[in-house]
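Data block below; observations after.
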Amino acid sequence: MGLKYQDGSLVFGETNFVSLEKIAQKKSDPFYVYDLDGMKSRLHYLKKSFPGISPHYAMKANSADRILKMFAQEGSGVDVVSGGEIRHALKTGFKAKDIIFSGVGKSRTELELAIGEEIKQINVESPQELLRIIAMSKAMNKKPKVAFRINPDVDAKTHPYITTGFRENKFGMGEHFVPELRAILTSNPNTVDLCGLTLHIGSQLQDILPIKDAIQKTLPLFYQFKQEGHQMRTFDVGGGLGIPYNEEHTFPSKDYALLNGYGKMLQEALQGFTGEVLCEPGRILVGSCGVLVGEVQYIKETPFRSFLIVNTGIHHMMRPALYQAYHRILPVRSNDNREQRIYDIVGPICESSDVLGRERTLYEIKPGEHIAIADSGAYGYSMASYYNEHDFPEQFFWENQHLDSDKPMDLKSEKEFQVRNL
Ligand code: LLP
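Sequential numbering from 19 applies to the sequence shown in our numbering.
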């Protein structure tokens, strides 16, 4: 979202807008622009929608330093899935007590880091992982806080690659694991501090009712563990809120309506719950607040298709290739005085899967002109690859009506691009 035309020129933002055309005129290589104010306001809206909730930003969605620093400053915690993410989070201002560590395959080195740093919570995904944590805790003379990730066996109604709470997924632990977990804890008293339960049933959820269902299925287990003498304090409802990729932009963005509905749903589902409610949102906080801009290199007309060949592709935004995901693609200059054409918008990568948008109707575009791939703030840059050895796109951050680049710019290039106060 966050894109609209002003005098035929595409601008990006929510309350304040930056001209993508102005940046594109000075930069022919592909670039991302992020609206930090939009991200901040989503975080605050989430906190308002369910007072007391403790958001832990899922940094896999976008781990640009500027974004992490901003979330840390705004009082968010962080959800990490690797040792690299733990180190990155610590470097960008998160405290160990703000870090939750999820993931099915935590290695010894990663756990050593997490246990040594005494992070807020390790989300355990299997009995063997619990045994590994216990053995390491004994050796390290520590008592880490752990939460059991439950697989509630619900249908999250999303793309199969990003469904995680169904019984056939590798994530979390179904009810049948509970006796084994209990036995492990009983035979290893005082080694770990079981502090809560956690869930994450999938990503890009359009319907939040499966989350409610999952919470309601899991809460009884929380109370059972409590009754059995564990100091249960946290219930982590995961992430997963989707964004409306298919729809035209609206101001204010529909993200806020979803956050509002989410808050209400949580209030209902967690009625009477007195512990700390954690959540791990990624996409909803950043997805609509990013845009990727590329330059058209060539138009290739064949008797069968018209290819718009741009200088960005699946190496910078792999969602369309990986999940058949739809992202709106808009010309940076509207050109609505031209005729409409149907294009396949493709990148330079040597794979036929390198398609950003298939059969898109756009007003005619010419080489040297730019296109914007909307809603690219989540799982865009963070999933970019070095395949074919193209450079990574530069990232610009739009905040308080200032635009800054992620590159340490020397004075010359700063002057050249005049990126501040455009
Ligand atoms: N918590 C856990 C344990 C997760 O695995 C994830 C995402 C999140 C939170 C954040 O989920 P979100 O709120 O962003 O939906 N690359 C895919 C999405 C993969 C999500 C992986 N896990 C995509 O581009 O759609």
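We treat Cβ as the ideally placed atom computed from N, Cα and C, and that holds for glycine.
- At least one heavy atom of the ligand LLP lies closer than 7 Å to the C-beta of threonine 182.
- Within the same chain, Cβ atoms closer than 6 Å to the Cβ of glutamine 139 are found at Ile118, Lys163 and Ala165, the five residues on either side in sequence being excluded.
- Annotation for aspartate 97 indicates a beta carbon within 7 Å of some heavy atom of the ligand LLP.
- DSSP places glutamate 286 in the helix class (H, G or I) of the three-state scheme.
- Within the stretch 250 to 278, the runs of beta strand (DSSP E) at least 3 residues long that lie entirely inside it are, in chain order, 252 to 254.
- With a cutoff of 8 Å on beta-carbon distance, proline 145 and glutamate 198 are scored as near each other.
- Within the same chain, Cβ atoms closer than 7 Å to the Cβ of tyrosine 405 are found at His333 and Ile367, the five residues on either side in sequence being excluded.
- For valine 196, the three-state secondary structure derived from DSSP is helix.
- If the five residues before and after glycine 220 are omitted, its C-beta is found closer than 7 Å to the C-beta atoms of Ala174, Thr176, Ile180, Thr181, Thr182, Gly183 and Gly258, all from its own chain and listed in chain order.
- Check the Cα spacing between glycine 331 and each of Gln224, Asp409, Leu296 and Ile226: the tightest is with Asp409.
- When DSSP assignments are scanned along the stretch 205 to 246, the uninterrupted stretches of beta strand (DSSP E) that are 3 or more residues long and fall wholly within it turn out to be 211 to 216.
- In this model, proline 411 and proline 48 are separated by some 5 Å (Cα to Cα).
- Of the candidates Gln315, Ser81, Leu348 and Ser423, Leu348 places its Cα closest to the Cα of valine 29.
- Separation of arginine 105 and glutamate 319 (C-alpha to C-alpha, rounded to the nearest whole angstrom) is 48 Å.
- Here arginine 126 is exposed, its C-beta having fewer than 16 other C-beta atoms within 10 Å.
- Shown here, proline 145 sits in a helix according to DSSP, grouped into three states.
- Taking the Cβ of tyrosine 397 as the reference point, at least one heavy atom of the ligand LLP falls within a distance shorter than 7 Å.
- Checking the 7 Å criterion, the Cβ of arginine 346 is out of range of every heavy atom belonging to the ligand LLP.
- For the stretch 349 to 391, the continuous beta strand (DSSP E) assignments of 3+ residues that do not extend past its boundaries occur at 358 to 364, 373 to 381 and 388 to 391, in sequence order.
- DSSP places glutamate 417 in the uninterrupted beta strand (DSSP E) bounded by 412 to 417.
- Put simply, the stretch 300 to 307 touches the stretch 77 to 85. At least three CB pairs are less than 8 Å apart.
- A distance below 6 Å between beta-carbons, with the five flanking residues on each side excluded, links leucine 284 to the following residues of its chain, in chain order: Phe68.
- Across the structure, leucine 38 and arginine 167 are spaced so that their CA atoms are roughly 42 Å apart.
- Only residues of its own chain outside the window of five on either side were considered, and among them Asn169, Asp171 and Gly192 have a CB closer than 7 Å to the CB of arginine 185, listed in chain order.
- For the options Asn141, Glu143 and Glu136, the alpha carbon positioned closest to that of methionine 158 is the one of Glu136.
- For histidine 420, the enclosing beta strand (DSSP E) begins and ends at 420 to 423.
- Not one heavy atom of the ligand LLP sits closer than 7 Å to the Cβ of arginine 60.
- Isoleucine 168 carries a strand assignment under DSSP once its states are collapsed to helix, strand and coil.
- Contact annotation: proline 262 and tyrosine 316 have beta-carbon atoms that are not nearer than 8 Å.
- Counting C-beta atoms within 10 angstroms of its own C-beta, serine 370 has fewer than 16 neighbours from the protein chains shown and is therefore classed as exposed.
- The straight-line gap separating the alpha-carbon atoms of histidine 194 and leucine 212 is approximately 18 Å.
- With contacts defined by Cβ atoms closer than 8 Å, leucine 131 and glycine 101 form a contacting pair.
- Less than 8 Å separates the beta-carbon of valine 96 from that of phenylalanine 112.
- Around the beta carbon of glycine 70, a 10 Å sphere encloses fewer than 16 other beta carbons of the protein chains shown; the residue is thus reported as exposed.
- Boundaries for serine 27: no alpha helix (DSSP H) harbours it, while the beta strand (DSSP E) harbouring it runs 27 to 31, taken from the DSSP string.
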